[in-house]
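Reading through the structure tokens given below for one structure.
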Amino acid sequence: MVCGACVECLNFKLLAAFDEITYKMVKAVAVLGSKEGVSGTVFFTQEGDGPTTVTGSLSGLQPGPHGFHVHALGDTTNGCMSTGPHFNPVGKEHGAPEDENRHAGDLGNVTVGEDGTANFTIVDSQIPLSGPNSIIGRAVVVHADPDDLGKGGHELSKTTGNAGGRVACGIIGLQG
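Per full-length UniProt numbering, the sequence shown runs over residues 1 to 176.
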């Protein structure tokens, strides 16, 4: 038989351990590059089951908006072409980051200034860093053109956002 105080103590220890697991900060990074001279670094952080914060800086791009997505594969054996389609674990259509019906990897556009650089922060709840739909080991890709967010009416709008070619990519890896 266990005394009431011992049970209470064990419950407290279990809750403390659960809190430690639930609120652990996970960090990841992707270093982007390309033959076209585009480069950059993108950082990902997630605390517990909360949204993932994406911060990054890119350079060497044409000014204006560029589609920015997490792709399904972390394979760059054929450059950015081998990263596969947008990460889409539940089979939805392409859309805007705020749309309920969207690929998990649809992060919209990053805007590049006249100097060819972009600094950005995105907060998104569909790209976790742990669990069955984790983006660790997948790729982040910057496209040549703006993402029309699935609303452009082009034949590619509902699959790729008609965002054009892939100008830079990097594999998302855990960061210590």
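Glycine included, C-beta positions come from ideal geometry on N, C-alpha and C.
Because the structure is a prediction, the values reported are computed rather than measured.
For Thr76, there is no enclosing beta strand (DSSP E), as DSSP marks it with neither H nor E. Counting along the chain, the unbroken beta strand (DSSP E) around Lys27 starts and ends at 25–33. Residue burial is scored here from C-beta neighbours: Thr77 has fewer than 16 other C-beta atoms within 10 angstroms and is therefore classed as exposed. If you ignore the 5 residues before and after Leu149, its C-beta comes within less than 7 Å of the C-beta of Gly95, Ala96, Gly108, Gly161, all in its own chain and listed in chain order. Note that the C-beta distance between Ala118 and His143 is not below 8 Å. For Thr160, the secondary structure class from DSSP, reduced to helix, strand or coil, is coil. The beta carbon of Leu61 sits closer than 6 Å to the beta carbons of Val38, Val112, Gly116 from its chain, once the five residues preceding and following it are set aside; these are given in chain order. The alpha carbon of Gly170 has as its nearest neighbour, out of His71, Gly64, Pro128, Asp106, the alpha carbon of His71.
Annotation for Arg102: Lys92, Glu93, His94, Gly95, Ala96, Gln126, Gly150 place their beta carbon closer than 8 Å to its own, counting only its chain and skipping 5 residues before and after.
DSSP, read as helix, strand or coil, puts Thr41 in strand.
In this structure, the beta-carbon distance from Phe44 to Leu129 falls below 8 Å.
The Cβ atoms of Gly64 and Val42 lie no closer than 8 Å to each other. Taking the CA atoms as reference points, Ala168 sits about 31 Å from Lys24.
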